[in-house]
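These notes are about the structure you will find just below.
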Amino acid sequence: MSAKTILGQVGQEITNWAKRWILAPLNEAGQTVFLCIETLLHGRSLWEKREEFLTQLRICAIGGLPVTSLVAGFSGMILAYQTGLQLRELGQESTVGILVMVGMCREMGPVMTGLALSGLISSKMAAEIGAMRVSEELDALEVMSISPVKYLFMPRVFAMILAAPALTLLADVGGIWAGGVITQLKFDVDPTIYYGKGRDWLQNKDIWGGLVKSVVFGVLVSVVGCRQGMRATGGASGVGISTMRAVVISSVFVVVLDLVLNMRIWPD
Numbered sequence: 097m098s099a100k101t102i103l104g105q106v107g108q109e110i111t112n113w114a115k116r117w118i119l120a121p122l123n124e125a126g127q128t129v130f131l132c133i134e135t136l137l138h139g140r141s142l143w144e145k146r147e148e149f150l151t152q153l154r155i156c157a158i159g160g161l162p163v164t165s166l167v168a169g170f171s172g173m174i175l176a177y178q179t180g181l182q183l184r185e186l187g188q189e190s191t192v193g194i195l196v197m198v199g200m201c202r203e204m205g206p207v208m209t210g211l212a213l214s215g216l217i218s219s220k221m222a223a224e225i226g227a228m229r230v231s232e233e234l235d236a237l238e239v240m241s242i243s244p245v246k247y248l249f250m251p252r253v254f255a256m257i258l259a260a261p262a263l264t265l266l267a268d269v270g271g272i273w274a275g276g277v278i279t280q281l282k283f284d285v286d287p288t289i290y291y292g293k294g295r296d297w298l299q300n301k302d303i304w305g306g307l308v309k310s311v312v313f314g315v316l317v318s319v320v321g322c323r324q325g326m327r328a329t330g331g332a333s334g335v336g337i338s339t340m341r342a343v344v345i346s347s348v349f350v351v352v353l354d355l356v357l358n359m360r361i362w363p364d
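Residue 97 is where the sequence shown starts when you use the numbering used here, and the numbers rise one by one after that.
Right, dumping it as structure tokens:
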């Protein structure tokens, strides 16, 4: 085999690798952004789809409530336990409430809610839209000049815009309460001290900053689920693959966007 042939094969492998791991993800990200913009622009027609919107809101909010509450509660307990162990060595276990309240409102509440919704709602949306794709229902809508984005995606995305911050607020409250229980039982800190010091340090920006992040995560999770459902091909196995991709992509994006939003909301 000549050197020219070897170099040609190496170049082809590099090209294939770049297409798969660089160009394809960038293209998919761009398609998702365009789908998000198109979906939000259809928001002016939300009143026409109010029944579907309310149905999706009930599914997202009530369906996500048990898992979100459970995850948030244990997150609050873990945060209180670990910080309490370290602060006890400094004789500052009474300040656990500050870290738990600020940490839950800024970080743990919105992120845990976003990750829970990635597994619950994004996968559900991908499976529903994917089943419609492989059964050619989406094609039938397009033949009838009905936009799938307006008819199917828009109510789901706007339902998540409301459900995500509502669940985040409940997650914040549940995590703070659970952290207070652990702090009282493990470190013998009076609840009035726990809540009092936490309330003194907690700022309005900590609360609305976390809610802003939850809205962004809600839009992201729902749009990714719809987009991956659109890509489903090949029957039941294709629907399964699209569902898996929706969960993985939305979960990764939640973590990445969390860092970006943290740097924008709290720059110093």
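By construction, the Cβ of each residue, glycine as well, lies at the ideal position given by its N, Cα and C atoms.
- Under the 10 Å beta carbon count, residue 241 is surrounded by fewer than 16 other beta carbons and is classified as exposed.
- For residue 201, there is no enclosing alpha helix (DSSP H), as DSSP gives it neither H nor E.
- Taking all protein chains shown into account, residue 254 has 16 or more neighbouring C-beta atoms within 10 Å of its C-beta and is therefore buried.
- In the DSSP assignment, residue 124 falls within the alpha helix (DSSP H) that extends over 120-137.
- When C-alpha distances from residue 315 are compared across 196, 276, 349, the shortest belongs to 349.
- Under the three-state reduction of DSSP, residue 183 is assigned to helix.
- When C-alpha distances from residue 213 are compared across 363, 331, 343, 357, the shortest belongs to 343.
- By the neighbour-count criterion, in which a residue is buried when 16 or more other Cβ atoms sit within 10 angstroms of its Cβ, residue 189 is buried.
- Taking the C-beta atoms as reference points, residue 277 is found nearer than 9 angstroms to residue 173.
- Residues of the same chain with a CB within less than 8 angstroms of the CB of residue 283, apart from the 5 flanking positions on each side, are 180, 184, 189, 192 in chain order.
- In the DSSP assignment, residue 242 falls outside any alpha helix (DSSP H) and carries neither an H nor an E.
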